[in-house]
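Protein chains in written order, with this note's numbering: chain A, 63 to 384; chain B, 2 to 288.
Glycine is no exception: its CB is placed at the ideal position from the N, C-alpha and C atoms.
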Amino acid sequence: MTALESPAKPAGTSAPSPTSRRGRRRRATALAPRDKLVLGLMLGVPSLLHLALVWVPALGSVGLSFSSWDGIGGFADIEWVGFRNYVDIFTRYPRFWPALQHNLIWLLFLLVVPTVAGLLLAVLLDRQLRFGRIYQSALYLPMVLSLALVGFIWQLIYQPEHGLLNNVLGTASTDPVNWLGDPDINLYAVLVAAGWRHTGYVMLLYLAGLKSVDPALKEAAALDGANAWQTFFRVTFPVLRPVNVVVLVVTVIEGLRAFDIVYVINKGRNGLELLSVLVTDNIIGESSRIGWGSALAVVLLLISLGFIVTYLFQVFREEERT
Amino acid sequence: MRFAVRPARVALHVFLVLTCLTTLAPLLWALYASLRTYDDTARNGYFSVAESLTFDNFTAAWTQADLPHYYLNTLLVTLPALVLVLLLSSMVAYGVSRYSFRFNVALLVLFTAGNLLPQQVIVTPLYRLYLLTPLPSWLSDSGVLLDSQLGLVLIHVAFQSGFCVFVLSNYMKTIPHELGEAARVDGAGVFRQYWQVILPLCRPALAALATLEFTWIYNDFLWALVLIQTGDKMPITSALQNLKGTFFVDNNLVAAGSLLVALPTLVVFFTLQRQFIGGLTLGSTKG
Numbered sequence: 063m064t065a066l067e068s069p070a071k072p073a074g075t076s077a078p079s080p081t082s083r084r085g086r087r088r089r090a091t092a093l094a095p096r097d098k099l100v101l102g103l104m105l106g107v108p109s110l111l112h113l114a115l116v117w118v119p120a121l122g123s124v125g126l127s128f129s130s131w132d133g134i135g136g137f138a139d140i141e142w143v144g145f146r147n148y149v150d151i152f153t154r155y156p157r158f159w160p161a162l163q164h165n166l167i168w169l170l171f172l173l174v175v176p177t178v179a180g181l182l183l184a185v186l187l188d189r190q191l192r193f194g195r196i197y198q199s200a201l202y203l204p205m206v207l208s209l210a211l212v213g214f215i216w217q218l219i220y221q222p223e224h225g226l227l228n229n230v231l232g233t234a235s236t237d238p239v240n241w242l243g244d245p246d247i248n249l250y251a252v253l254v255a256a257g258w259r260h261t262g263y264v265m266l267l268y269l270a271g272l273k274s275v276d277p278a279l280k281e282a283a284a285l286d287g288a289n290a291w292q293t294f295f296r297v298t299f300p301v302l303r304p305v306n307v308v309v310l311v312v313t314v315i316e317g318l319r320a321f322d323i324v325y326v327i328n329k330g331r332n333g334l335e336l337l338s339v340l341v342t343d344n345i346i347g348e349s350s351r352i353g354w355g356s357a358l359a360v361v362l363l364l365i366s367l368g369f370i371v372t373y374l375f376q377v378f379r380e381e382e383r384t
Numbered sequence: 002m003r004f005a006v007r008p009a010r011v012a013l014h015v016f017l018v019l020t021c022l023t024t025l026a027p028l029l030w031a032l033y034a035s036l037r038t039y040d041d042t043a044r045n046g047y048f049s050v051a052e053s054l055t056f057d058n059f060t061a062a063w064t065q066a067d068l069p070h071y072y073l074n075t076l077l078v079t080l081p082a083l084v085l086v087l088l089l090s091s092m093v094a095y096g097v098s099r100y101s102f103r104f105n106v107a108l109l110v111l112f113t114a115g116n117l118l119p120q121q122v123i124v125t126p127l128y129r130l131y132l133l134t135p136l137p138s139w140l141s142d143s144g145v146l147l148d149s150q151l152g153l154v155l156i157h158v159a160f161q162s163g164f165c166v167f168v169l170s171n172y173m174k175t176i177p178h179e180l181g182e183a184a185r186v187d188g189a190g191v192f193r194q195y196w197q198v199i200l201p202l203c204r205p206a207l208a209a210l211a212t213l214e215f216t217w218i219y220n221d222f223l224w225a226l227v228l229i230q231t232g233d234k235m236p237i238t239s240a241l242q243n244l245k246g247t248f249f250v251d252n253n254l255v256a257a258g259s260l261l262v263a264l265p266t267l268v269v270f271f272t273l274q275r276q277f278i279g280g281l282t283l284g285s286t287k288g
């Protein structure tokens, strides 16, 4: 039923044998013409909308990335420049490499800190514990806030003189640290805020995963004389493999999409450049450089594609085999 | 055993209480700041004991930032998008999970993958597309899809349907085929089987998705920022930016505004917690 369990498991409890499969196909072809039309509309209308607004633009980005279009004039006026945008981005665009580097730091941070913290909290909470529900609720409460709002709220903490952090550290009046203004540290300050929100999500995913671990496995391990550490690393953790994949993908996607938080803080400048910000700057910024912005988007797409494909393969492999 | 005080248990509780307090600290701090007056914090700094507590900042943020207007904007986008996305994706999910045809898996992969794309990959051509799509003036005073609330609804529906189709089709696969067949024997057509047999059985999944999708669509920042150009039409999360711009120095007001914007999602979270968690773990593909 859930993706955490077996997302690709076919209907029913038993795997469909070739005969039942054929039976289903025959039923489908036996649909009355009216039913076929209805089914076609039910599938067609949403699919067209999804294709037109998600996939056509996504492919459009790839196409436009080979052009130098400023958005003026029709499609006939588009000048095709081959890979020039990419070459220029890699060699001459000063904001690109910092942004890419920030994106990678972002990914690495989210993959390590919230994942470890979330797993630890999930393991601690996965038992009969008084107030367990209250702890859980408190820990994933930040999840409901948007990243933009997280940006607003954490500014109250990071402000040089009025912020909580410098006051607690006692540096507010003497030598305030400009957490969000100093390009050497602001990325990490923002990452703490982003990790704050992400930890609860990871914890929740692992909690759901831990619930589906068969207690008999742990009992068997205990009977064999395994201690808590051994039981966790040798028995529980390997069973959590599907959850690990989900956490990995969710985190990567979240990391590459990150935009709102740096945008509300300083529009993604001065140490907070991200690929997503560079793309957006090319649409709503002063310059309308469609080809250029698209090429940046394609770089972002290529980074995420590896993870998306791996994930889809994992989820749909079983289904395609049947 | 249950009442025996064990040192390990105590240590665990102490650790968890401290972690929870740390987690809640930013929100509690915002609440504290929002309840103090500007004069108080200007005189004594934010890190001090409040002279008095008041709700004035909330009323000020409410009126000065014109919050009711932006709440309404958000509602006009969120509600239609929520209803449409659940309706359309349940139809697709029904088709792919209950019938066999040639593009079954391909369609499902298409929807699922679409939701995993970074929005920025879509946004530039989408902007052009919206600019080129004419609309009658009663639907959009800009005359095109760009800068219209309909445009925002459409992209939310298109983008989020990827996630909902994936979750709902997994859910529908667990419903026995015999149920649909029984209805068919009784003469129910495809739509009737969907509407009167399958959909009611999907209520738990729909409730979970509704909670989650409400939060996501409500919290949207990027689509609105790019696709809406008139400040007056902005949904509330994006409009909060104005509050910060206008009243940059007044942290108390920004804190109150932030909490007011967070309020609907917090209410949903506390009242529908079970559905919310259910939704998050149902799909687990969402970034």
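Whether residue i touches residue j by CB criterion (7 Å)
i, j, result
"residue 171(A)", "residue 267(A)", "no"
"residue 228(A)", "residue 234(A)", "yes"
"residue 365(A)", "residue 126(A)", "no"
"residue 251(B)", "residue 39(B)", "yes"
"residue 378(A)", "residue 168(B)", "no"
"residue 336(A)", "residue 161(A)", "yes"
"residue 218(A)", "residue 34(B)", "yes"
"residue 198(B)", "residue 180(B)", "yes"
"residue 317(A)", "residue 168(A)", "yes"
Whole-angstrom distance between residue j and residue i, CA atom to CA atom
i, j, result
"residue 200(B)", "residue 227(B)", "35 Å"
"residue 97(B)", "residue 106(B)", "7 Å"
"residue 108(A)", "residue 161(B)", "11 Å"
"residue 158(A)", "residue 152(A)", "7 Å"
"residue 236(A)", "residue 287(A)", "57 Å"
"residue 155(B)", "residue 281(B)", "23 Å"
"residue 258(A)", "residue 212(A)", "9 Å"
"residue 338(A)", "residue 91(B)", "31 Å"
"residue 293(A)", "residue 284(A)", "7 Å"
"residue 130(A)", "residue 126(B)", "14 Å"
"residue 130(B)", "residue 305(A)", "38 Å"
"residue 279(A)", "residue 313(A)", "29 Å"
"residue 43(B)", "residue 56(B)", "17 Å"
Proximal residues to residue i (C-beta, below 7 Å), its chain only, five neighbours per side dropped
i, result
"residue 163(B)", "112, 113, 115 and 116"
"residue 149(B)", "136, 140, 141 and 143"
"residue 219(B)", "75, 79, 265 and 266"
"residue 215(B)", "79, 83 and 269"
"residue 307(A)", "373 and 376"
"residue 183(A)", "201 and 265"
"residue 258(B)", "62, 66, 241 and 244"
"residue 104(A)", "none"
"residue 325(A)", "339"
Minimum Cβ-Cβ distance from residue i to chain A less than 7 Å
i, result
"residue 33(B)", "no"
"residue 21(B)", "yes"
"residue 39(B)", "no"
"residue 186(B)", "no"
"residue 59(B)", "no"
"residue 224(B)", "no"
"residue 149(B)", "no"
"residue 295(B)", "The first residue shown for chain B is 2 and the last is 288, placing residue 295(B) beyond what the model contains."
"residue 161(B)", "no"
"residue 75(B)", "no"
"residue 229(B)", "no"
"residue 121(B)", "yes"
Cutoff 8 Å; reference residue i; Cβ partners in own chain excluding five residues on either side
i, result
"residue 332(A)", "243, 245 and 248"
"residue 194(A)", "187"
"residue 40(A)", "Nothing about residue 40(A) can be read from this structure; chain A reaches only from 63 to 384."
"residue 184(B)", "193, 194, 197 and 198"
Chain B contact for residue i (CB, 7 Å cutoff)
i, result
"residue 134(A)", "no"
"residue 327(A)", "no"
"residue 129(A)", "no"
"residue 345(A)", "yes"
"residue 229(A)", "yes"
Neighbourhood of residue i by C-beta, 6 Å cutoff - its chain only, sequence neighbours within 5 removed
i, result
"residue 223(A)", "234 and 238"
"residue 255(A)", "212 and 216"
"residue 256(B)", "31, 34 and 35"
**Report entry** Ordered list of alpha helix (DSSP H) runs contained in the region 109 to 155 of chain B, each at least 4 residues
**Finding:** Segments of the alpha helix (DSSP H) lying fully in the region 109 to 155 of chain B: 120 to 133.
Query raised in the report: Which full runs of the alpha helix (DSSP H) of 4+ residues lie inside the region 192 to 224 of chain A, going along the chain?
Result: Counting whole runs of 4 or more residues, the region 192 to 224 of chain A contains the alpha helix (DSSP H) stretches 194 to 202 and 209 to 220.
Query raised in the report: Which full runs of the alpha helix (DSSP H) of 4+ residues lie inside the region 247 to 309 of chain A, going along the chain?
Result: 248 to 273 and 277 to 285
Report task. Go through the region 220 to 274 of chain B residue by residue and report every complete run of the alpha helix (DSSP H) that reaches 4 residues or more, in order. Result -> 223 to 228, 237 to 247 and 252 to 272
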